[in-house]
Amino acid sequence: MKMNPMEQFAVKPLIPLHIAGYDVSFTNQALWMFIVVGAITLFMGLAVSKRSLVPSRMQSMAEISYEFVANMIGTATGEDGLRFFPFIFTLFMFVLFSNVLGLLPGSFTVTSQIAVTFALAAFVILLVIVTGFLTHGIGFLKLFVPKAPALLLLLLVPIEVISFLTRPISLSVRLFANMLAGHTMLKVFATFVIALGGAGGALSLLSVAPMFLIVAITALELLVAFLQAYVFAILTCIYLGEALHLHDHH
Amino acid sequence: MQAAATTATTEVPAKGPGFPPFKTESFPGQVFWLVITMAVLFVVIWHLIGPRIQGTLIERRSLIAHEIETAQENRRKAEQATVAYETPLFQARERARAINNQYREEAAATVKKAEAEADAKAEQATAEAEARLSRIRAEAKSHIVQAAQDATIEIVSRLTGERISAEDAAGAVRATQEA
Chain W
3 MKMNPMEQFA VKPLIPLHIA GYDVSFTNQA LWMFIVVGAI TLFMGLAVSK RSLVPSRMQS
63 MAEISYEFVA NMIGTATGED GLRFFPFIFT LFMFVLFSNV LGLLPGSFTV TSQIAVTFAL
123 AAFVILLVIV TGFLTHGIGF LKLFVPKAPA LLLLLLVPIE VISFLTRPIS LSVRLFANML
183 AGHTMLKVFA TFVIALGGAG GALSLLSVAP MFLIVAITAL ELLVAFLQAY VFAILTCIYL
243 GEALHLHDHH
Chain S
40 MQAAATTATT EVPAKGPGFP PFKTESFPGQ VFWLVITMAV LFVVIWHLIG PRIQGTLIER
100 RSLIAHEIET AQENRRKAEQ ATVAYETPLF QARERARAIN NQYREEAAAT VKKAEAEADA
160 KAEQATAEAE ARLSRIRAEA KSHIVQAAQD ATIEIVSRLT GERISAEDAA GAVRATQEA
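If you read the sequences in order, they're chains W and S.
The first sequence runs 3 to 252 under our numbering.
The second sequence runs 40 to 218 under our numbering.
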């Protein structure tokens with residue numbers, strides 16, 4: 003019995019579609035993107051449909067996630083960062099639901115694809131650059147010049163530039179790698195369960211051990227799923243905050 | 040499980056070996072659908088969900104603030120009412136105490152006056168009684184002298200058979216009294 007733990011990450015076309023020479027077939031991944039968006043809309047939509055003053059559990063959860071993101075922006079970006087709220091809330095909920103729904107057995111994890119995470123990170127960095135130049139004009143470039151003696155600047159400015167340029171990479175790879183590693187690990191242990199269970203005799207009994215491990219790792223992955231969504235969102239907030247305030251708040 | 044495993048092993052080689060996330064031919068499609076779904080979600084959150092949650096939160100916050108304000112207003116009113124209720128009560132109590140004191144003083148003065156009057160009356164009565172007593176005593180004494188004279192005359196007449204005059208009897212009585 004051969005099982006490839008990477009098979010779960012394969013993007014498989016469901017409805018072939020080509021636009022302007024590009025393969026944009028509706029894939030299992032696109033399906034899960036719609037499931038994620040649908041789940042968020044359902045969750046938030048149902049929660050806010052009644053708008054009661056004493057919230058139900060669902061409404062309370064929606065309000066908590068709303069205030070969670072609003073507070074995150076308030077602390078990491080500043081009050082003027084609240085105009086990015088819809089974007090950051092969308093980003094956070096999309097990544098969170100992708101991560102969490104990806105834990106369902108047989109599902110596809112949208113954020114386990116570098117193309118997706120890099121596209122998100124690149125958009126964030128583009129937004130940061132555009133915001134920076136719109137707010138400060140050419141003065142935005144001061145972001146790369148920390149307060150230091152001139153001689154040190156020869157060293158510091160390239161470091162700042164490189165660190166800025168690596169942001170989209172670190173931002174995207176962090177999320178991608180976390181999701182990929184976690185799901186791969188789950189699949190590997192799942193393979194152990196099947197292999198041991200099929201081996202017969204005393205080995206079949208041993209298959210309980212990796213089963214318990216899967217349960218434990220799934221709990222850990224739930225934490226990672228939330229944490230990575232949070233990290234992605236808060237880094238976005240911090241980067242936007244830098245674009246808005248340069249180094250003022252230091 | 041068996042069936043899933045077989046399809047998995049048959050499909051992966053068909054797509055060629057390699058690491059699925061790094062298959063660049065799938066990138067345009069991924070980004071295409073990502074942009075579409077994110078745009079949909081963004082619009083939903085921006086125009087539908089976000090404003091509604093914010094509206095609810097603001098509404099609740101302002102309602103709570105309003106309720107707290109009302110409660111404080113009511114407490115202030117209650118405190119004022121307490122003061123308004125207690126002030127006349129206090130005043131009335133003070134007035135009652137003053138009246139009480141006044142009556143007590145008046146009563147004490149009346150009692151004292153009555154006592155003084157009664158004392159004076161009693162003294163007068165005592166004095167009168169004593170005067171009468173001494174008069175009666177004097178009268179009685181004079182009666183006794185008279186009786187002694189009469190007795191002396193009687194005794195002398197019985198013993199000697201001769202009647203002595205009243206003057207002699209009175210002189211004898213007086214002599215006995217002085218002796």
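Here a beta-carbon is modelled for each residue, glycine too, at the ideal position from N, C-alpha and C.
Handout entry: Whole-angstrom C-beta distance between A231 (chain W) and N73 (chain W), which should lie under 8 angstroms
Key = Here the question's residue 73 (chain W) lines up with position 71 in the first sequence. Here the question's residue 231 (chain W) lines up with position 229 in the first sequence. Contact doesn't hold; Cβ gap of about 15 angstroms is too wide.
Practice task
Return no unless some Cβ of chain S is closer than 8 angstroms to the Cβ of G76 (chain W).
Solution key: Stepping through the first sequence from its first residue, residue 76 (chain W) is reached at position 74. Chain S, which has no Cβ nearer than 8 angstroms to the Cβ of G76 (chain W), makes this no.
Handout entry: Within-8 angstroms CB hit, F11 (chain W) to chain S
Key = Counted from its first residue, the first sequence places residue 11 (chain W) at position 9. Yes, because at least one Cβ of chain S sits closer than 8 angstroms to the Cβ of F11 (chain W).
Exercise for the section: Would you kindly report the start and end of the unbroken beta strand (DSSP E) that includes I17 (chain W)? Expected result: Along the first sequence, read from residue 1 onward, the residue named residue 17 (chain W) stands at position 15. Where I17 (chain W) is concerned, the enclosing beta strand (DSSP E) stretches over 15-17.
Practice task
Report the residues of the segment 57-79 of chain S with a CB closer than 9 angstroms to any CB of chain W, ordered along the chain.
Solution key: G57, F58, P59, P60, F61, K62, T63, E64, S65, F66, P67, G68, Q69, V70, F71, W72, L73, V74, I75, T76, M77, V79
Handout entry: Contact set between I27 (chain S) and chain W, taken where Cβ atoms lie within less than 7 angstroms
Key = As displayed, chain S neither begins before 40 nor continues past 218, which places residue 27 (chain S) out of reach and without an answer.
Problem - Simplified DSSP assignment, three categories, for I107 (chain S) - result: Taking the second sequence and counting its residues from 1, the one referred to as residue 107 (chain S) is at position 68. DSSP places I107 (chain S) in helix when its eight states are reduced to three.
Handout entry: Alpha-carbon to alpha-carbon, P88 (chain W) and S27 (chain W)
Key = The residue given as residue 27 (chain W) occupies position 25 in the first sequence. The residue given as residue 88 (chain W) occupies position 86 in the first sequence. In a straight line, the C-alpha of S27 (chain W) is about 29 angstroms away from that of P88 (chain W).
Problem - Contact set for F61 (chain S): own chain, Cβ-Cβ below 6 angstroms, skip 5 residues either direction - result: Translated into positions along the second sequence, residue 61 (chain S) becomes position 22. None.
Practice task
State the Cα-Cα distance for the pair F120 (chain W) and I107 (chain S), rounded to the nearest angstrom.
Solution key: Residue 120 (chain W) sits at position 118 when you count from the first residue of the first sequence. Residue 107 (chain S) sits at position 68 when you count from the first residue of the second sequence. Computed Cα separation, rounded: 49 angstroms.
Handout entry: Straight-line Cα distance separating L205 (chain W) from L106 (chain W)
Key = For this step, residue 106 (chain W) is matched to residue 104 along the first sequence. For this step, residue 205 (chain W) is matched to residue 203 along the first sequence. The alpha-carbon atoms of L106 (chain W) and L205 (chain W) are separated by roughly 27 angstroms.
Handout entry: Test item: CB-CB of L246 (chain W) and T137 (chain W) under 8 angstroms
Key = On the first sequence, position 244 is the one that residue 246 (chain W) refers to. On the first sequence, position 135 is the one that residue 137 (chain W) refers to. Yes. Within cutoff.
Handout entry: Any non-hydrogen atom of the ligand SAH closer than 7 angstroms to I90 (chain W) Cβ
Key = Of the ligands one can find in the structure shown there are none, so the ligand SAH has no counterpart to examine.
Problem - Delimiting residues of the alpha helix (DSSP H) encompassing M46 (chain W) - result: Here residue 46 (chain W) refers to the residue found at position 44 of the first sequence. Start and end: 30-51.
Practice task
Please decide whether F70 (chain W) counts as near chain S, where near means a Cβ-Cβ distance under 8 angstroms.
Solution key: To locate residue 70 (chain W), count along the first sequence from 1; it is residue 68. For F70 (chain W), the answer is no, since every Cβ of chain S falls outside 8 angstroms of its Cβ.
Handout entry: Contact set between the segment 100-119 of chain W and chain S, restricted to residues whose Cβ is under 9 angstroms from the partner
Key = G108, V112, S114, Q115, I116, A117, V118
Handout entry: Limits of the unbroken alpha helix (DSSP H) element including G200 (chain W)
Key = The residue you call residue 200 (chain W) lines up with position 198 of the first sequence. Where G200 (chain W) is concerned, the enclosing alpha helix (DSSP H) stretches over 152-201.
Handout entry: Opening and closing residue of the alpha helix (DSSP H) in which Q61 (chain W) lies
Key = The residue labelled residue 61 (chain W) in the question sits at position 59 within the first sequence. Residues 59-78.
Handout entry: Segment limits, alpha helix (DSSP H) that includes Q115 (chain W)
Key = To locate residue 115 (chain W), count along the first sequence from 1; it is residue 113. Looking at the DSSP string, Q115 (chain W) is not in any alpha helix (DSSP H), and its letter there is neither H nor E.
Handout entry: Length of the line joining the Cα atoms of A164 (chain S) and A148 (chain S)
Key = As a working note, residue 164 (chain S) is residue 125 in the second sequence. As a working note, residue 148 (chain S) is residue 109 in the second sequence. Those two C-alpha atoms are separated by around 24 angstroms.
Handout entry: For D82 (chain W), the residue or residues it bridges with in DSSP
Key = The count along the first sequence starts at 1 and reaches residue 82 (chain W) at position 80. Looking at the DSSP assignment, D82 (chain W) forms no beta bridge with any residue, so it has no partner.
Problem - Where R99 (chain S) meets chain W, residues with beta-carbon distance less than 8 angstroms - result: For the purposes of this step, residue 99 (chain S) is taken as residue 60 along the second sequence, with counting starting at 1. In chain order: L55.
Exercise for the section: Report the rounded CA-to-CA distance for A110 (chain S) versus S54 (chain W), giving the unit in angstroms. Expected result: The residue given as residue 110 (chain S) occupies position 71 in the second sequence. The residue given as residue 54 (chain W) occupies position 52 in the first sequence. Cα to Cα, the separation comes out at about 22 angstroms.
Problem - the segment 62-70 of chain W in contact with the segment 127-144 of chain W per 3-pair CB rule at 8 angstroms - result: no
Exercise for the section: Determine, using beta carbons only, whether E65 (chain W) comes closer than 8 angstroms to chain S. Expected result: Along the first sequence, one-based indexing puts residue 65 (chain W) at 63. Chain S, which has a Cβ nearer than 8 angstroms to the Cβ of E65 (chain W), makes this yes.
Handout entry: Limits of the unbroken alpha helix (DSSP H) element including A208 (chain S)
Key = As a working note, residue 208 (chain S) is residue 169 in the second sequence. Start and end: 205-217.
Practice task
Give a yes or no on whether 8 angstroms exceeds the smallest Cβ distance from V195 (chain W) to chain S.
Solution key: Taking the first residue of the first sequence as position 1, residue 195 (chain W) is located at position 193. Closer than 8 angstroms: no.
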